[in-house]
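>
Numbering (full-length UniProt numbering), first residue to last: 1 to 337.
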């Protein structure tokens, strides 16, 4: 049946460029962009690229009715996902929860591990002064929360690791290592700055955030990630309270800027090992590598087969990279200063 379906829809893909470019509502253009190649190589990410404003990258222009797109983004994604599976087949790389548990045990043999939710995130209640719609994350408040966790748990020179906005704050933590008392950082999917031309984190504020927010990020997941982990990532972003994700994005994009400070990081005091997935088109591997090159002593590694959410997408694939970073920092701290 799938083979028959593929034969039916395959001819439609030969007309994809003409059909998409003729749509007056949403259009995307970039210098030397081969639309057919992008559709084939980046799988379902093309449609998210239309919503994800890339910022002032040379040769990139995204235009159209963002609110209209936000309203129907889930329909677009479901259709493209099924068409992709029919034409190119389902991903053959798999992982299991058992692999994730084994990897966690390996890491815990080397160190104690703690994870916490920011106020208003996950299972954490919002702060006493936070009311619906008021949340806006910034560097100082983020650093203050991390510092209080370190102090409350009485941690001695902990290694801080996080991805996306938590990856950005790892860079800030390294800049303020003496203030917080950390012994190293592992920034994932992070760079010294990611800019946006428009206030696109406010796109779709009149839409259902429990659908729009996960649809915004699904294209950042590796196309090889097993369905169960793709669904888990979708659910995580669907379960947040209104205004939380847009408030985080205000920090992730223009709110975070370490371009003039990254070079001041002292990796002898705070060793750094940066990791970014090859499929992350929000914070690209190139952007992370460029940031690492500004920091004397910093190490960068591109993670094959992973996207913007490496810990969730494929734990078994991510863990070897994480353990390598952990070993590097522990060995660096063991060296005489």
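In this text, a Cβ means the ideal position worked out from N, Cα and C, and glycines have one as well.
1) Whose C-alpha, out of 120, 285 and 193, is nearest the C-alpha of residue 259?
2) By Cβ distance below 8 Å, which residues in the same chain neighbour residue 101 in space, the five residues on each side in sequence not counted?
3) Alpha carbon to alpha carbon, how far is residue 222 from residue 328? Give it in angstroms, no decimals.
4) Indicate the three-state DSSP secondary structure (helix, strand or coil) for residue 278 in the structure shown.
5) Considering only C-alpha positions, which residue in the set 301, 247 and 307 is nearest to residue 130?
6) Check residue 185 in the structure and name its three-state DSSP category.
7) Buried or exposed: where does residue 132 fall if 16 or more other Cβ atoms within 10 Å of its Cβ makes it buried?
8) Can you name the residues that DSSP bridges to residue 273?
9) Our contact map puts residue 218 next to residue 235 with C-beta atoms below 8 Å; I'd like the distance itself, whole angstroms only.
10) Just tell me which of 137, 145, 158 and 124 has its CA closest to the CA of residue 112.
11) By the DSSP assignment, the beta strand (DSSP E) with residue 161 in it spans what residues?
12) Between residue 271 and the rest of its own chain, which residues show a CB-CB distance below 6 Å, the 5 nearest in sequence each way excluded?
13) Beta-carbon within less than 6 Å of residue 214's beta-carbon, same chain only, minus the 5 sequence neighbours each way: which residues are those?
14) Considering only residues of the same chain and omitting the five flanking positions on each side of residue 325, which have a CB-CB separation below 7 Å?
15) Counting along the chain, where does the alpha helix (DSSP H) carrying residue 230 start and finish?
16) Let's test the definition: count the other Cβ atoms within 10 Å of the Cβ of residue 162 and tell me whether it reaches 16, buried, or not, exposed.
17) Would you kindly work out how many angstroms separate the C-alpha atoms of residue 122 and residue 242, rounded to a whole number?
18) Determine, using beta carbons only, whether residue 292 and residue 253 come nearer to each other than 8 Å.
19) In angstroms with no decimal places, state the Cα-to-Cα distance between residue 304 and residue 278.
20) Applying the criterion that 16 or more other CB atoms from any shown protein chain within 10 Å of the CB defines a buried residue, is residue 31 buried or exposed?
21) The alpha helix (DSSP H) with residue 146 in it runs from where to where?
22) Take residue 125 and list the residues in its own chain whose beta-carbon comes closer than 8 Å to its own, dropping the five residues that flank it on each side.
23) Of the residues 280, 116, 294 and 146, which one's Cα is nearest the Cα of residue 170?
24) So, using beta-carbon positions, are residue 287 and residue 191 closer together than 8 Å?
25) With a Cβ-Cβ cutoff of 8 Å, do residue 322 and residue 166 count as a contact?
26) CB-CB under 8 Å to residue 172, same chain, minus the five flanking residues each way: which ones, in chain order?
27) Indicate the three-state DSSP secondary structure (helix, strand or coil) for residue 193 in the structure shown.
28) Just to check my reading of the structure: residue 302 and residue 285 have Cβ atoms closer than 8 Å, yes? What is that Cβ distance to the nearest angstrom?
With the structure as the only source:
1) Along the chain shown, read from residue 1 onward, the residue named residue 259 stands at position 259. Of the listed residues, the one whose Cα sits closest to residue 259 is 193.
2) Here residue 101 corresponds to residue number 101 of the chain shown, with the count starting at 1. Since pLDDT at residue 101 reaches only 42, below the 50 mark, its modelled position is unreliable, and the value read off the structure follows with that caveat. Cβ within range, chain order: n/a, list empty.
3) Stepping through the chain shown from its first residue, residue 328 is reached at position 328. Stepping through the chain shown from its first residue, residue 222 is reached at position 222. Rounded to the nearest angstrom, the two C-alpha atoms are 26 Å apart.
4) The sequence position of residue 278 within the chain shown is 278, counting from 1. In this structure, residue 278 counts as coil in the three-state DSSP scheme.
5) Stepping through the chain shown from its first residue, residue 130 is reached at position 130. Considering only 301, 247 and 307, the residue with the shortest C-alpha distance to residue 130 is 247.
6) Taking the chain shown and counting its residues from 1, one reaches residue 185 at position 185. Three-state DSSP puts residue 185 in a strand.
7) What you label residue 132 is simply residue 132 of the chain shown in a count that begins at 1. Looking at its Cβ environment, which holds fewer than 16 other Cβ atoms inside 10 Å, residue 132 is exposed.
8) The residue you call residue 273 lines up with position 273 of the chain shown. DSSP lists 299 as partners of residue 273.
9) By 1-based counting over the chain shown, the position of residue 218 is 218. By 1-based counting over the chain shown, the position of residue 235 is 235. Rounded, the Cβ-Cβ distance is 11 Å, inconsistent with contact.
10) On the chain shown, position 112 is the one that residue 112 refers to. Nearest option by C-alpha distance: 158.
11) Taking the chain shown and counting its residues from 1, the one referred to as residue 161 is at position 161. Note, residue 161: beta strand (DSSP E), 159 to 163.
12) By 1-based counting over the chain shown, the position of residue 271 is 271. Here the set comprises 184, 329 and 332.
13) If you number the chain shown from 1, residue 214 lands on position 214. Once the five neighbours on either side are set aside, the close Cβ partners of residue 214 are 234, 237 and 238.
14) Taking the chain shown and counting its residues from 1, one reaches residue 325 at position 325. Contacts found: 186, 273 and 275.
15) Mapped onto the chain shown, residue 230 falls at position 230. Taken as a continuous stretch (DSSP letters only), the alpha helix (DSSP H) holding residue 230 covers 227 to 238.
16) Here residue 162 is taken as the residue at index 162 of the chain shown, counted from 1. Buried, since its Cβ has 16 or more Cβ neighbours within 10 Å.
17) As a working note, residue 122 is residue 122 in the chain shown. As a working note, residue 242 is residue 242 in the chain shown. Taken atom to atom, the span from the alpha-carbon of residue 122 to that of residue 242 is near 13 Å.
18) Position 292 of the chain shown, counted from the start, is the residue given in the question as residue 292. Position 253 of the chain shown, counted from the start, is the residue given in the question as residue 253. In this structure, residue 253 does not lie closer than 8 Å to residue 292 by Cβ.
19) To locate residue 304, count along the chain shown from 1; it is residue 304. To locate residue 278, count along the chain shown from 1; it is residue 278. Cα-Cα distance, rounded: 6 Å.
20) Sequence index remark: in the chain shown, residue 31 carries index 31 (1-based). For residue 31, the pLDDT reaches just 49, beneath the cut-off of 50, and the residue's location in the model is therefore unreliable, although a value from the coordinates is still provided. Residue 31 is exposed by the Cβ-count criterion.
21) As a working mapping, residue 146 is identified with position 146 in the chain shown. Residues 139 to 152.
22) Along the chain shown, one-based indexing puts residue 125 at 125. Excluding sequence positions up to five before and after residue 125, its CB lies within less than 8 Å of the CB of 119, all in the same chain and listed in chain order.
23) Walking along the chain shown from the start, residue 170 turns up at place 170. Among 280, 116, 294 and 146, the Cα nearest to that of residue 170 is on 146.
24) Position 287 of the chain shown, counting from 1, holds the residue named residue 287. Position 191 of the chain shown, counting from 1, holds the residue named residue 191. Yes. Within cutoff.
25) Looking up residue 322 in the chain shown gives position 322. Looking up residue 166 in the chain shown gives position 166. The answer is no: Cβ separation not under 8 Å.
26) Mapped onto the chain shown, residue 172 falls at position 172. So the list reads 139, 142, 143, 256 and 258, once near-sequence residues are dropped.
27) Counting from 1 along the chain shown, the entry for residue 193 is found at position 193. DSSP places residue 193 in strand when its eight states are reduced to three.
28) In the chain shown, counting from the first residue as 1, residue 302 sits at position 302. In the chain shown, counting from the first residue as 1, residue 285 sits at position 285. That belief holds up - the Cβ atoms of residue 302 and residue 285 are roughly 4 Å apart, short of 8 Å.
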